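Asks: Handing you this structure, nothing more for now.
Number of protein chains: 2
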Amino acid sequence: MNDRLTKIKTFYKKHRRLPSYSEMLKLFNFSSKNAVFKIIQKFIESGFLKKEGSKLAPTSKFFSLPLVGLVKAGFPILAEENREYLTLDEYLIDDPQSAFLLKVSGDSLIGLGIFDGDIVIIERKKQATAGDIVLAQIDREWTLKILKKDGIRAYLESANPKYPPFYPRQELQIFGVVKAVIRKFN
Amino acid sequence: MNDRLTKIKTFYKKHRRLPSYSEMLKLFNFSSKNAVFKIIQKFIESGFLKKEGSKLAPTSKFFSLPLVGLVKAGFPILAEENREYLTLDEYLIDDPQSAFLLKVSGDSLIGLGIFDGDIVIIERKKQATAGDIVLAQIDREWTLKILKKDGIRAYLESANPKYPPFYPRQELQIFGVVKAVIRKFN
DNA sequence: AAGTATAGTAAACATTCGTTCACTTTGTCA
DNA sequence: TGACAAAGTGAACGAATGTTTACTATACTT
């Protein structure tokens, strides 16, 4: 049943593409392509796959993980109806062309829950708003800090009382803005 | 040049599949499929795409974001040679079948940099090691806490001095283990 | 300026693709 | 038990796929 979809997902994970009908024949141990055809129709109806002309492609539901509700008071909502789905790549990254990852070193942003060893997703841009966490070059030194504005003057601040604010002697150049943090446990 | 690859990536992002040669014809404004054929060869050689038989598929390099070095002392390493590449989905999720996402509520894990509103990736499993952050049911109430062991007795602890440890009156059932946190900034 | 690799055109090809039709088996429910 | 829907078989089909070969135009090198 449903483990047909699992087989397709497994194939996809391994090959990074959907299997063709002939390949699904083997996957499902069928001997007629028509059987595959019908099954695919079901997956299309249930929203896991889609078709453009006769080209098969996965939908975001295909990849996505169920996002369950809040843990507080009572049971996390796992009911099928209430599920929201999320694809990590799509959720985290708007423009893959301008995005890159940076491994954080140091404890200057612990106040924001960004620790040493965490990975931040940075979007390249020269402009930022006060309050943004920016990757910047301050007096020729690279750093990851919070951008603040003091009237018109821009400066950098840590999220750790241990460090003082940094006022640029000469120049402060913004290179990118932190869009997200990710941290993996052990 | 390179923006051919960008076009393919854009197509992929929109359709969740690679374009066929005929579709690339239009993408690149070519009029011979052979031109496409040659270009695809290049992408295969440079490791962005791969072929199984005559089936084209993206590699992990195709999706991945450059992971640059540490920011501390000096310039983040952006040189092509030193790049490591990372695909978020692959990096964060081992087994998509048993994983789900949970939106965190409450401040009981702030000590670990897990804030209210963050999303955690949970892997379903009944067993966990002391020190793991677990989604558990303690005396019929669901919660996200750190699993500790006091001799043989298991109990739950917060990462916030505000809250006391929780010793189960009757039962403590583990439902899953937190593998990662992600937090998006506005 | 001559020579040569690179990039693109054009047409023809076997192969594989997804689809369709007619039929058979299996399972379910009244 | 009988009826009917669901699941699978088998074969045939046109259309689209990726590949190949031969040729042309453009750009680069020394």
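Protein chains in written order, with the working numbering: chain A, 504 to 689; chain B, 504 to 689. All C-beta atoms in this analysis are idealised placements derived from N, C-alpha and C, irrespective of residue type, glycine included. Note that this is a predicted model, so its numbers are computed, not measured.
(1) By alpha-carbon positions, which one of B:LYS629, B:PHE565, B:SER611 ends up nearest to GLN600 (chain A)?
(2) Look at ASP635 (chain A) and VAL680 (chain A) and say whether their C-beta atoms are less than 8 Å apart.
(3) Run the CB neighbour count on SER525 (chain A), radius 10 Å, all protein chains shown included, and call it buried at 16 or more, exposed below.
(4) Could you check whether ILE613 (chain B) and ALA662 (chain B) sit closer than 8 Å to each other, using their CB atoms as the reference points?
(5) Classify GLY614 (chain A) as helix, strand or coil using the three-state DSSP reduction.
(6) In the structure shown, what three-state DSSP assignment does VAL696 (chain B) receive?
(7) Which chain A residues are close to GLN676 (chain B), counting only those with a beta carbon under 7 Å from its beta carbon?
(8) Would you mind working out which of B:THR632, B:ARG656, B:ALA602 sits nearest GLN713 (chain B), comparing C-alpha positions?
(9) At the 8 Å Cβ level, is ILE547 (chain B) part of the contact set with chain A, yes or no?
(10) Would you mind sorting SER611 (chain A) into buried or exposed? The rule is 16 or more other CB atoms within 10 Å of its CB.
(11) Can you say whether ALA582 (chain B) is buried or exposed, counting buried as having 16 or more other CB atoms within 10 angstroms of its CB?
(12) Suppose the cutoff is 7 Å on Cβ atoms and the five residues either side in sequence are ignored; what does the same chain contact list for MET527 (chain B) look like?
(13) I need the straight-line Cα distance from PHE546 (chain B) to LEU552 (chain B), nearest angstrom please.
(14) Leaving out the 5 sequence neighbours to the left and right, which residues in its chain are closer than 8 Å to TYR588 (chain B) when beta-carbon positions are compared?
(15) With 8 Å set as the bound, which would you pick, yes or no: does the beta-carbon of ASP642 (chain B) sit closer than that to a beta-carbon of chain A?
(16) Got a sec: is the Cβ-Cβ distance from ILE636 (chain A) to anything in chain B below 8 Å?
(17) Determine, using beta carbons only, whether ALA633 (chain B) and LEU675 (chain B) come nearer to each other than 8 Å.
(18) So ILE526 (chain A) is in the alpha helix (DSSP H); what residue range does that whole segment cover?
(19) Within a Cβ cutoff of 6 Å, which residues of the same chain sit near LYS510 (chain A), ignoring the five residues on either side of it in sequence?
(20) Kindly list the residues whose CB is nearer than 7 Å to the CB of ILE596 (chain B), restricted to its own chain and excluding five residues on each side of it in sequence; keep chain order.
(21) Where does LYS564 (chain A) fall in DSSP's three states?
(22) In its own chain, which residues sit with a C-beta less than 8 Å from the C-beta of ILE649 (chain B), not counting the 5 before and 5 after it?
(23) Where does the unbroken alpha helix (DSSP H) through ASP598 (chain A) begin, and where does it stop?
(24) Which residues mark the beginning and the end of the beta strand (DSSP E) in which ALA768 (chain B) is found?
(25) From A:ASN689, A:GLN630, A:ASP592, A:GLY609, pick the residue whose C-alpha is nearest to that of ALA683 (chain A); which is it?
(26) Please state the DSSP three-state secondary structure of GLN673 (chain A).
(27) Beta-carbon within less than 8 Å of GLY550 (chain A)'s beta-carbon, same chain only, minus the 5 sequence neighbours each way: which residues are those?
(28) Measure the C-alpha to C-alpha separation of TYR515 (chain B) and PRO522 (chain B) and round it to an integer number of angstroms.
(29) Where does the unbroken beta strand (DSSP E) through LYS554 (chain B) begin, and where does it stop?
(30) Based on Cα-Cα distance, which residue from B:ASP621, B:GLY572, B:LYS629 lies nearest to LEU604 (chain A)?
(31) Could you tell me the alpha carbon to alpha carbon distance between ARG520 (chain A) and ILE677 (chain B), rounded to whole angstroms?
(32) Which value, in whole angstroms, describes the spacing of the CA atoms of LYS517 (chain A) and GLY654 (chain A)?
(33) Can you pull the DSSP bridge partners for ALA639 (chain A)?
(34) For ASP592 (chain B), return the contacting residues in chain A, with the cut-off set at a CB-CB distance below 9 Å.
(35) Name the DSSP beta bridge partners of LEU604 (chain A), please?
(36) Quick one: is GLU555 (chain A) near chain B, going by C-beta distance under 8 Å?
Replies: If we stick to the structure as given:
(1) B:PHE565
(2) A distance below 8 Å separates the beta carbons of ASP635 (chain A) and VAL680 (chain A).
(3) exposed
(4) In this structure, ALA662 (chain B) places its C-beta atom within 8 Å of the C-beta atom of ILE613 (chain B).
(5) Of the three classes helix, strand and coil, the one that applies to GLY614 (chain A) here is helix, per DSSP.
(6) No answer is possible for residue 696 (chain B): the residues shown for chain B start at 504 and end at 689.
(7) Near GLN676 (chain B) there are no residues of chain A at all, since even the closest Cβ is about 12 Å away, more than 7 Å.
(8) The first residue shown for chain B is 504 and the last is 689, placing residue 713 (chain B) beyond what the model contains.
(9) By this cut-off, ILE547 (chain B) is not an interface position.
(10) SER611 (chain A) comes out buried.
(11) With a pLDDT of 45 at ALA582 (chain B), under the threshold of 50, the modelled position of that residue is not reliable, and the figure given next carries that caveat. That one is exposed.
(12) VAL539
(13) 6 Å
(14) SER563, LYS564, SER567, LEU568, PRO569, LEU570
(15) no
(16) yes
(17) no
(18) The sequence shown places Glu at residue 526 (chain A), rather than the Ile named in the question. Per DSSP, GLU526 (chain A) belongs to the alpha helix (DSSP H) from 524 to 531.
(19) Only residues of its own chain outside the window of five on either side were considered, and among them LEU530 have a CB closer than 6 Å to the CB of LYS510 (chain A), listed in chain order.
(20) ALA602, ILE624
(21) helix
(22) LEU612, LEU615, GLY634, ASP635, ILE636, VAL637, LEU659, GLU660, SER661, ALA662
(23) Counting along the chain, ASP598 (chain A) falls outside any alpha helix (DSSP H), and DSSP gives it neither H nor E.
(24) Absent from the structure is residue 768 (chain B), since the part of chain B shown begins at 504 and ends at 689.
(25) Cα-wise, what sits closest to ALA683 (chain A) is A:ASP592.
(26) coil
(27) THR562, LYS564
(28) 7 Å
(29) 552 to 555
(30) B:GLY572
(31) 35 Å
(32) The C-alpha of GLY654 (chain A) is placed about 54 Å away from the C-alpha of LYS517 (chain A).
(33) A:THR646, A:ILE677
(34) Within chain A, the C-beta atoms nearer than 9 Å to that of ASP592 (chain B) come from PHE566, THR590, LEU591, ASP592, in chain order.
(35) A:ILE624, B:LEU570
(36) Yes, GLU555 (chain A) counts as interfacial toward chain B.
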